[in-house]
Amino acid sequence: MNLEKLQQSMYDLVVETSTKLPNDVRRAIRAGKERESAGTRSAMSLDTITNNIKMADDNISPICQDTGLPTFKIKTPVGVNQLVIKEAITNAVALATKNGKLRPNSVDSLTGENSGDNLGGGTPVIKFEQWEKDYIDARLILKGGGCENKNIQYSLPCELDGLGRAGRDLDGIRKCIMHSVYQAQGQGCSAGFIGVGIGGDRSSGYDLAKEQLFRSVEDVNANEDLRRLEEYVLENANKLGIGTMGFGGEITLLGCKVGVMNRIPASFFVSVAYNCWAFRRLGITIDAETGEIQDWMYQDGEQIDFGKTDAEEEVAATSEDNAVIELQAPITEEKIRSLKVGDVVKINGMMYTGRDAIHHHLMEHDAPVDLNGQIIYHCGPVMMKDEEGKWHVKAAGPTTSIREEPYQGDIMKKFGIRAVIGKGGMGPKTLAALEEHGGVYLNAIGGAAQYYADCIKSVEGVDLMNFGIPEAMWHLKVEGFTAVVTMDSHGNSLHKDVDKSSLEKLAQFKEPVFK
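Numbers given in the numbering used here equal positions in the sequence shown, counted from 1, plus 77.
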């Protein structure tokens with residue numbers, strides 16, 4: 078097999094998966110957008126999402142800045158050298174990272190050191206299977222950390238919030254899946270897709286769940302019981318009112334696929350793999366002799382080329398007074414306390430990125446810049462240097478904020494930070510600190526990495542690069558960076574309200590459905 082051609086084929090697969098959503102996913106997003114109530118925060122989010130998809134198409138840049146842990150599923154004819162395929166994949170992943178199509182995401186679990194090229198122990202994930210066909214089937218999924226953290230596994234029987242006892246039967250499985258959607262809220266970048274694995278052990282159950290994500294969104298389960306289950310969940314999960322980004326709304330789930338395997342008598346696991354709206358999975362067939370691409374998968378049917386829409390009009394429509402509030406850092410406490418949940422803000426000026434490593438660092442050290450009155454952005458961007466050594470942002474959407482809950486309130490008070498931007502909301506400790514200190518939490522649209530990168534006009538500096546590109550503190554000058562106030566300085570939290578209301582709605586699905 079020609080290694081050079083095979084490597085090019087794998088590189089093309091990586092780039093296309095990172096930058097272009099497959100046709101079946103695009104159709105699901107369009108259908109969800111058409112069902113959402115106009116003029117709502119969720120409608121605004123879906124408008125931004127479709128804008129972002131179009132921008133990623135045009136720029137050939139990552140749809141979401143978190144390109145996840147690349148997971149390849151490869152089927153090979155008997156006699157094909159899998160070591161050659163593995164070499165081609167690792168070379169392609171490293172090159173795609175160098176070219177800004179993947180974010181460097183491979184981190185040593187003991188030292189925290191980022192390899193810089195997405196290679197390292199266990200990364201990328203490559204799973205081989207042999208078959209009797211004469212071509213190679215290569216599929217890739219890029220599943221980001223925000224949605225990966227909302228994966229969940231249940232051991233039946235169990236007790237579930239809002240639903241009570243889930244037994245070892247189809248109805249117990251139904252309750253687990255409904256609960257999995259509830260517990261994800263907006264932290265996994267809803268509206269999302271789920272893959273479910275019934276049975277197996279703890280590891281094979283999760284593998285089966287992720288395998289369901291390789292199915293077409295529009296296929297029909299051959300198992301009649303599972304078909305009914307998939308249809309039930311897809312219909313009723315959207316009655317929970319969680320909505321896109323957890324803002325509340327009509328569309329929470331865009332796809333549900335369920336698989337089953339045998340188990341041992343003592344164990345009954347239901348494993349759920351949650352995937353965000355940026356459902357990046359593609360596949361190719363490869364000539365086993367030449368290494369060249371023969372065909373692309375998941376590209377049947379209509380290809381939706383989302384036209385560029387005016388997101389600003391949708392944003393303005395969500396504000397009670399039909400006006401977007403301008404924020405310029407440094408921001409005064411008085412200005413912050415004038416904001417309330419539901420306000421839409423547009424930020425101009427400076428903001429500073431800070432994720433897990435930065436927050437941990439700031440608990441024990443001084444900040445490298447004066448953060449008094451400033452904005453922290455929970456973001457790990459994709460960055461590239463030009464020939465003159467100047468940094469440019471290639472993708473820069475928000476990361477899931479709840480990971481910073483142990484630190485956020487203390488850091489805001491310690492350094493005088495007035496606003497935090499992220500996605501999915503934060504918990505009671507941060508909410509109390511916002512009220513005490515005078516701060517707000519601003520929810521940006523998860524996955525909209527091109528939309529927000531376009532708002533970043535320059536990179537003014539960077540600190541703590543020893544943590545790696547995603548975890549460094551980037552100094553970003555922005556214009557027109559739009560977000561929604563979802564936690565204010567008066568003790569109000571949209572996330573808390575949506576969680577409470579969706580739990581109440583979840584309870585209506587307590588009674589048995591499947592006999």
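Backbone N, C-alpha and C fix where the C-beta goes; we use that ideal spot for every residue, glycine too.
Owing to the predicted nature of the structure, the values given are computational and were not obtained by experimental measurement.
What residues in its chain sit with their C-beta under 7 angstroms from that of residue i, if we drop five residues either side in the sequence?
i	result
M252	In the sequence as displayed, the identity of residue 252 is Lys instead of Met. Around K252: L237, L240 and A243.
K506	E482 and G486
K534	K554, V555 and E556
I328	G109, R112, E113, S119, A268, N315, G320 and T321
R279	Q230 and F346
D89	I370
Assuming residue i is part of the alpha helix (DSSP H), what are its boundary residues?
i	result
N136	R118 to N136
Y484	Looking at the DSSP string, Y484 is not in any alpha helix (DSSP H), and its letter there is neither H nor E.
S579	L571 to L583
V161	Q159 to K175
E537	It is not in any alpha helix (DSSP H) - E537 instead sits in the beta strand (DSSP E) that spans I533 to D540.
K82	L80 to T96
Q289	R279 to Q289
K506	P505 to H514
Exposed or buried, what is residue i when buried is set at 16 or more other beta-carbons lying within 10 Å of its beta-carbon?
i	result
K220	buried
F205	exposed
L160	exposed
T409	exposed
Q405	exposed
M87	buried
E307	buried
Q262	buried
I341	exposed
P147	buried
L519	buried
T188	exposed
R245	exposed
Can you find the residues in the same chain that come closer than 8 angstroms, C-beta to C-beta, to residue i, ignoring five residues on each side of it along the sequence?
i	result
K175	D194
I479	Q264, G501, G502, M503 and G504
G336	G272, V273, G274, I275, L285, A286, E288, Q289 and L303
L247	D302, L306 and F591
D211	P154 and A365
L80	V161, E164, A165 and G368
D433	R480, E481 and E548
Any beta-carbon of chain C closer than 8 angstroms to the one on residue i?
i	result
S138	This model lacks chain C altogether; it includes just one protein chain.
With a threshold of 6 angstroms on Cβ separation, who are the neighbours of residue i within its own chain once the five nearest residues in sequence on each side are excluded?
i	result
T144	S95, L179, R180 and L219
G360	R216 and M374
I435	M550
S570	L508 and M564
Quick test of your reading: residue i and residue j, contact by CB under 8 angstroms. State the CB separation rounded to the nearest angstrom.
i	j	result
A509	G516	So it is not a contact: roughly 11 angstroms between Cβ atoms.
S232	F345	7 angstroms
V562	V422	6 angstroms
V91	L217	7 angstroms
V459	Q142	5 angstroms
T200	S183	4 angstroms
C353	G523	7 angstroms
L580	Y259	7 angstroms
First and last residue of the beta strand (DSSP E) that includes residue i?
i	result
I597	Only positions 78 to 592 of the chain appear in this structure, which leaves residue 597 out of reach.
G109	Per DSSP, G109 belongs to no beta strand (DSSP E); it is in the alpha helix (DSSP H), N100 to R112.
Q405	I402 to Q405
Within the region 293 to 368, note down every full beta strand (DSSP E) run reaching 3 residues or more, in order along the chain. 330 to 337, 346 to 352 and 357 to 364
Unbroken stretches of the alpha helix (DSSP H), 4 residues or longer, contained in the region 209 to 252: 222 to 225
Hey, which unbroken runs of the beta strand (DSSP E) at 3 residues or more fall wholly within the region 410 to 491? 421 to 430, 452 to 454, 459 to 462 and 468 to 472
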